[in-house]
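Residue numbers (UniProt numbering): 1 to 135. Ideal placement from N, C-alpha and C gives every residue a C-beta, glycine not left out.
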Amino acid sequence: MNTLTHPGQSHPKASAARSILRELNASSNDIEASATMTTDGYIIAAVLGKDTDQDRFAAMSASLLALAERAADEVARGEMKQLLIEGSKGLMLLVKAGGDKVLAVAAKPTVNLGRIFLEARKSAAKIDQVIGNDY
């Protein structure tokens, strides 16, 4: 598993962030993967499936978040806090994790939405506390 913020540089707090992600994944059998990244798409830490390209995942998540922020702004909804994508095989939740950080969570379609929202927000706050603006 790669935990890079920029090519060739290990994030000094990636291990602590990865521990938070593992704790999040363990909080529900329905959570399949999670990652935290910068809003410009650089991975800080990830606990993803072996077939997931974490760099592409981070880049796509950052793009989705940017588009959601512009859409929320366009219809005067205020600051975008989270984005939920529901597919036939599960869902993906993107949550702002303070500053320029994002938490992405992939879950099975059977997940309890209230619980995943709660656990993701708690994990995002922990990641913000551990990483701060240090990336």
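Buried or exposed: which applies to residue i, given that a residue is buried once 16 or more other Cβ atoms fall within 10 Å of its Cβ?
i      : result
Asn133 : exposed
Arg18  : buried
Lys126 : buried
Leu113 : exposed
Ser63  : exposed
Could you pull the start and end residues of the alpha helix (DSSP H) that residue i belongs to?
i      : result
Ser28  : Run containing Ser28: none; DSSP gives neither H nor E here.
Gly114 : 113-131
Consult DSSP for residue i and reduce its assignment to one of helix, strand or coil.
i      : result
Lys101 : strand
Ala76  : coil
Ser61  : helix
Ser34  : strand
Lys13  : coil
Which value, in whole angstroms, describes the spacing of the CA atoms of residue i and residue j?
i      : j      : result
Leu24  : Val75  : 32 Å
Asp129 : Glu119 : Checking the sequence shown, residue 129 turns out to be Gln, not Asp. Roughly 15 Å separates the two Cα atoms.
Met37  : Ala104 : 8 Å
Arg77  : Ala66  : 14 Å
Lys108 : Gln54  : 19 Å
Ile116 : Ser28  : 8 Å
Ile31  : Glu69  : 25 Å
Ala46  : Ala72  : 27 Å
Ala59  : Ile131 : 19 Å
Ser15  : Ser123 : 14 Å
Leu91  : Asp40  : 22 Å
Glu86  : Thr110 : 11 Å
Met80  : Ala26  : 27 Å
Ile43  : Ala35  : 7 Å
Hey, quick one: how far does the beta strand (DSSP E) through residue i stretch, first residue to last?
i     : result
Leu48 : Note, Leu48: premise wrong, no beta strand (DSSP E); not H, not E.
Gly41 : It is not in any beta strand (DSSP E) - Gly41 carries neither H nor E in the DSSP assignment.
Lys96 : 90-96
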